[in-house]
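Engineer: Okay, handing you the structure first.
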Amino acid sequence: MIGRLSAWGHGPWAGQRGFDSLVQVATGIASAEAAGPGGTPGALPAQALDHATGYLLAAAVLRALTEQHDEGGSRLVTLSLARTAAWLLDELPARREPDADADADAETAAKAAADPSYDPEKWLTETDGPLGRLRHAVPPVAFEGSPADWSRPPGPLGADAAVWLTA
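This note's numbering applies: residue 1 is where the sequence shown begins, and numbers increase by one.
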């Protein structure tokens with residue numbers, strides 16, 4: 001079982017080093033974080049690509065280990081910060097036709113377009129809050145009696161006091 005994580009994945013930048021903030025800039029997340037039209041680009045208030053890709057890698061490894069236990073053989077799971085950024089920005093190849101000039105991701109994109117399990121919609125919801133309507137992931141763990149949603153929506157950066165919540 002091998003789990004592999006990189007900044008850029010396959011393609012022309014595959015051999016380049018990178019980290020969360022660089023990938024945010026390169027993929028347009030920094031522009032999306034600008035405060036309105038003509039605003040100064042900014043980074044997310046957390047290393048969201050690191051966190052999200054780490055969780056996805058852990059889930060992929062667990063899934064691969066389960067398959068390996070049931071079917072035998074070896075497994076390789078490969079994730080990248082850039083691919084997570086594309087997913088968060090709703091730009092995965094599953095959402096469009098594969099580009100004829102695309103690199104090794106073209107085959108993966110074709111499979112994704114035909115495979116409904118690549119559709120993240122069942123894991124997303126929308127909530128109204130101080131920032132307007134927000135599309136976000138549902139809580140990661142669901143079991144009988146668990147919360148079906150977050151207790152409150154996120155607010156503007158810096159709006160909350162730095163204190164522990166007790167309820």
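Positions of the beta carbon are idealized from the N, C-alpha and C atoms, including for glycine.
Given this structure, state the Cα-to-Cα distance separating residue 164 from residue 158, to the nearest angstrom.
Structural biologist: Whole-angstrom Cα-Cα distance: 15 Å.
Engineer: Assuming residue 60 and residue 77 are in contact, meaning their beta carbons sit under 8 Å apart, how far apart are those beta carbons, in whole angstroms?
Structural biologist: Their Cβ separation, rounded to whole angstroms, is 4 Å, which keeps residue 60 and residue 77 in contact under 8 Å.
Engineer: What's the gap between the Cα of residue 119 and the Cα of residue 38?
Structural biologist: Approximately 33 Å between the Cα atoms of the pair.
Engineer: Excluding sequence positions up to five away, which residues of its chain have a Cβ less than 8 Å from the Cβ of residue 152?
Structural biologist: Closer than 8 Å at Cβ, skipping near neighbours: 129.
Engineer: Report the rounded CA-to-CA distance for residue 33 versus residue 132, giving the unit in angstroms.
Structural biologist: Computed Cα separation, rounded: 15 Å.
Engineer: For residue 126, which of helix, strand or coil comes out of DSSP?
Structural biologist: Three-state DSSP puts residue 126 in a strand.
Engineer: Should residue 85 be labelled buried (16 or more other beta-carbon atoms within 10 Å of its own) or exposed?
Structural biologist: By the 10 Å Cβ count, residue 85 comes out buried.
Engineer: Could you tell me whether the Cβ atoms of residue 64 and residue 1 are closer together than 8 Å?
Structural biologist: Cβ atoms of residue 64 and residue 1: closer than 8 Å.
Engineer: So within the region 38 to 86, which uninterrupted beta strand (DSSP E) runs reach at least 3 residues, ignoring any that extend past its ends?
Structural biologist: Entirely contained in the region 38 to 86, the beta strand (DSSP E) runs reaching 3 residues are, in chain order, 76 to 80.
Engineer: Within a Cβ cutoff of 7 Å, which residues of the same chain sit near residue 83, ignoring the five residues on either side of it in sequence?
Structural biologist: Correct list, in chain order: 9.
Engineer: Identify the residues that DSSP records as bridge partners of residue 29: which are they?
Structural biologist: Partner(s): none; residue 29 has no beta bridge.
Engineer: So if DSSP puts residue 137 in a beta bridge, which residue, or which two residues, is it bridged to?
Structural biologist: DSSP lists 124 as partners of residue 137.
Engineer: Determine the burial state of residue 58: buried for a count of at least 16 other Cβ atoms within 10 Å of its Cβ, exposed for fewer.
Structural biologist: Burial call: exposed.
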